[in-house]
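Q: Structure provided below as structure tokens; questions to follow.
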Amino acid sequence: MSLLDGLMGSVLISVILSSILFGILTVQAHSYWTRFPNDPVWVRRLVLLLWVVDAAHQIAGTWAMYNYLVRHFLDPTYLAINDAALGTTVTLEPIPALAVQLYFARRLYILNPAWWPMVALIVLLALVAFGMGMACGIIIHTLHFLVEFHNYTWLVTGWLIVCAVCDVLIAISIAYQLWNSRSGFKATDKLLTTLTVWTVNTGMIPAGFAIADAVTFIKLPNTLVHLSLNIMLAKLYSNTAMGFLNRRRSEKVTPRIRTADSAGGTRGQPPSSIHLNTFTTMTGSRAGAYQYTTTTATTPANKRQSAEPNVRFEVKTEQFVEENDEYGEQSSPPSFHPFSAAYGKPQGWDENARTSRPTYTSQNSDRRI
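Residue 414 is where the sequence shown ends in the numbering used here, and the numbering goes up by one at each step.
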């Protein structure tokens, strides 16, 4: 392996692949902004932050390759120099990592507030990893040669390992909560399974790259393979988080009404319009009234689906209602009381009667829901 291959070959490939990931991130960000305009402002700002940081990260990596391979093409000694643009890629990497980890920590707390100790641990690890990563980013700008970065092996490996542990905890915790949230409904369980897979990918893929970065940093000190993996790591955080955000409502649960056909089987169709008819019966005495309510719902058959039978069901309720007059005493029967103020007393009403005859009030409504 030539000196150029060992130092800049892997970094060049990494920059090319990261440019592809940045293009995918741009498409995902545009899709998010158009599909979820009503999301909270802070989530939309998070997406904007991820895109801006990744854009700056891509520009820095591309400019570093231009300096190494074009501007100093005839100067092999420059390959050992720590270019400022290359150091900038290390400085920017902890920012999307922290943003994504804190976002998923919040999601875990929303899923189950009782898991706040785990959430606190994840937040602590994310902040520690961010601090160590920013320390690495600041230190690398003080070095003249790239090889001097290996004097801080403990800091670099500690940063990457803490970051990987945090990602694994996020993936396992959220996947566990989503898996236990299954309700037995096929459509809902399918959506939860999809979110679980995306969550596992969100945590495990960056964690795998972080561990590989730490291993190559220790085992391959004379190459920049570890730096190429670090360049890819920032793009992975942003893309996996955007994939999760765009996947939240990409699969919609369509409610279906199960009806019996003439052959004894079942058919399913999405409910179109439901007409409700409510018939209320009130009977009672001076102390109160029994209120009987029957609600009938009917779904009309679609003209294009005339083979589908109509659906009709009834809900009956019985309730004892106590009514007080304006002086706080139980006086008139509740079946007439609600109508007295608006329409006057019915004909034939006896003021001295102790009990009332049964009265029937029909409330018919035709509502489309």
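Each residue gets a CB set at the ideal place from its N, CA and C atoms; glycine is no exception.
Give the DSSP-derived three-state secondary structure of Phe194 in the structure shown.
A: Correct three-state label for Phe194: helix.
Q: Tell me whether the region 130-144 and the region 153-164 touch, counting them as touching only if at least three CB pairs, one residue from each stretch, are closer than 8 Å.
A: In short, these stretches do not touch, since the Cβ pair count stays below three.
Q: Tell me Ile263's beta-bridge partners as DSSP assigns them.
A: Answer is none; Ile263 lacks a bridge partner.
Q: I want to know whether the region 187-200 touches the region 157-167 - three or more CB-CB distances under 8 Å.
A: The region 187-200 vs the region 157-167: no contact.
Q: Using the C-alpha atoms, what's the distance from Ser76 back to Asn1?
A: This structure gives no information on residue 1, because the portion of the chain shown stretches from 46 to 414.
Q: Whole angstroms is fine: what's the gap from Gly182's alpha carbon to Asp234's?
A: About 43 Å.
Q: Measure the alpha-carbon distance for Asn83 versus Tyr148 and round it to whole angstroms.
A: In a straight line, the C-alpha of Asn83 is about 18 Å away from that of Tyr148.
Q: Indicate whether His102 and Ala279 have their beta-carbon atoms separated by less than 7 Å.
A: Contact: yes.
Q: Under the DSSP definition of a beta bridge, which residues are partnered with Ile215?
A: Partner(s): none; Ile215 has no beta bridge.
Q: On the premise that Leu274 lies in contact with Pro251, defined as a C-beta separation below 8 Å, what is that separation, rounded to the nearest angstrom?
A: The pair is not a contact, with the Cβ atoms about 11 Å apart (cut-off 8 Å).
Q: Hey, Leu223 and Leu236: beta-carbon distance below 7 Å or not?
A: No.
Q: Along the alpha helix (DSSP H) that carries Phe149, what are the first and last residues, could you check?
A: Note, Phe149: alpha helix (DSSP H), Pro139 to Leu156.
Q: If I follow the unbroken alpha helix (DSSP H) through Trp108, where does it start and stop?
A: Val86 to Tyr111 is the extent of the alpha helix (DSSP H) around Trp108.
Q: Taking the alpha carbon of Ala159 as the reference point, which residue from Val88, Leu124, Ile206 and Ser218 has its own alpha carbon closest?
A: For the residues Val88, Leu124, Ile206 and Ser218, the minimum Cα distance to Ala159 belongs to Ser218.
Q: Which residue marks the beginning of the alpha helix (DSSP H) containing Arg116, and which one marks its end?
A: From DSSP, Arg116 is part of no alpha helix (DSSP H); its letter is neither H nor E.
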